[in-house]
Amino acid sequence: MTRIRPVRGDITEQTVDAVVNAANSSLLGGGGVDGAIHRRGGPEILAECRALRASRYGRGLPTGRAVATTAGRLPARWVIHTVGPVFTPDEDRSELLASCHRESLRVADELGARTVAFPAVSTGVYGWPLEDAARISVGTVRAARTAVEEVRFVLFDERAYQAFAGQLR
Ligand code: AR6
Numbered sequence: 068m069t070r071i072r073p074v075r076g077d078i079t080e081q082t083v084d085a086v087v088n089a090a091n092s093s094l095l096g097g098g099g100v101d102g103a104i105h106r107r108g109g110p111e112i113l114a115e116c117r118a119l120r121a122s123r124y125g126r127g128l129p130t131g132r133a134v135a136t137t138a139g140r141l142p143a144r145w146v147i148h149t150v151g152p153v154f155t156p157d158e159d160r161s162e163l164l165a166s167c168h169r170e171s172l173r174v175a176d177e178l179g180a181r182t183v184a185f186p187a188v189s190t191g192v193y194g195w196p197l198e199d200a201a202r203i204s205v206g207t208v209r210a211a212r213t214a215v216e217e218v219r220f221v222l223f224d225e226r227a228y229q230a231f232a233g234q235l236r
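Mapping the sequence shown onto the working numbering, position 153 (from 1) lands on 220, and the numbers just tick up by one.
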C-alpha cells in the first residue's frame, strides 16, 4: 500500500528519493515549479535535460510522459520530469493528466525510489481547475500499482492544499 499525504510547502525543500517536476516538452526549464527546481537544483539538471534532448527526445518529451535526471543540489536523488496537459474546456484531457502520474510512478519504480513528491501538475500556467486536478491526480496515484511507499503532494498555497487534502480525507 502506498501512503499518500498532502504537504503544504515548497517542493524543492522536500527530502525524498524523487521530486516530480511539472515541466514542458522542451525540458529546458520555465517558470513556476519548473523554474524553482532548476534554480535550487543547479545546472546539473539542465545539463542532463539537454543530453536527453540530444539523445532520446529531440522532438521534446510528449505530454503525459516522464523521464528522470539527477536532482543536482536538491535534497533528493532524482527529478522526474513530466509534461502535464494544458487545460481546455473544449476537450477532455484528463487521461493525459492521469498518465503524468502513472508514468512518473513507473519511472520511480524503475529507479527504485520509495518516496516521491508531486506538485499539483497542470494547475498553474497550464490552467487546470484545482478541484478537478486534485481528483484526477489523487485517484490515479491511489489506483496505481507501484512499489513506492510514500507519495507526498506538495502544495504551494492554501487553496491547492485544501483541494488535495479534501480528496485524501
Ligand atoms: N513547490 C510546490 N509547488 C509549486 C512551487 C514550488 N516551489 N512553485 C509553484 N508551485 P506550474 P503547470 C505550484 O505553473 O501548470 C512552467 O513554466 C503552483 O502554485 O509550475 O504544470 C513549465 O516550464 C501550481 O499549483 O506548472 C511549463 O511550461 C503548481 O505548482 C508550465 O509552467 C503547478 O504550476 C507547466 O505548467
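For each residue, glycine too, the CB sits at the ideal point set by N, CA and C.
Problem set entry | Neighbourhood of GLY191 by C-beta distance below 6 angstroms, restricted to the same chain and skipping five residues each side | GLY99
For this session: Taking ALA214 as the reference, give the member of LEU172, SER92, GLY102, HIS168 with the closest Cα.
Result: LEU172
Problem set entry | Anticipated Cβ contact below 8 angstroms, ILE147 with ALA210, distance rounded | Not confirmed; about 19 angstroms, so no contact.
For this session: To the nearest angstrom, report how far apart ASP101 and TYR193 are at their CA atoms.
Result: Rounded to whole angstroms, ASP101 to TYR193 spans 12 angstroms at the Cα level.
Problem set entry | Outcome for THR155 when other beta-carbon atoms lying within 10 angstroms are tallied against a minimum of 16 | exposed
For this session: Quick one: grab the DSSP three-state call for PRO73.
Result: The answer is strand: DSSP assigns PRO73 an E or B state.
Problem set entry | Residues of its chain near PRO110, where Cβ-Cβ distance is below 8 angstroms and the 5 sequence neighbours each way are ignored | GLY139
Exercise. Going by beta carbon distance, what residues of the same chain come within less than 7 angstroms of THR207, once the five residues before and after it are set aside?
Worked result: ALA165, HIS168, ARG169
Problem set entry | Same chain, Cβ closer than 6 angstroms to VAL174, neighbours up to 5 away in sequence not counted | Answer for VAL174: ALA133, ALA135, ILE147, listed in chain order.
Problem set entry | Proximity test, Cβ basis, 8 angstroms: ARG209 and chain C | The structure shown contains no chain C; it holds only a single protein chain.
Problem set entry | Which of helix, strand or coil DSSP assigns to GLU217 | strand
Exercise. Can you name the start and end residues of the beta strand (DSSP E) that ILE147 belongs to?
Worked result: 145 to 150
Exercise. Within this structure, are the beta carbons of ARG107 and LEU128 separated by less than 8 angstroms?
Worked result: no
Problem set entry | ALA201 - DSSP class collapsed to helix/strand/coil | helix
Exercise. With which residues is THR79 paired in a DSSP beta bridge?
Worked result: DSSP, once it has assigned bridges, lists no residue as partnering THR79.
Exercise. Counting only runs that start and end within the stretch 146 to 186, where is the beta strand (DSSP E) found for 3 or more residues in a row?
Worked result: 182 to 185
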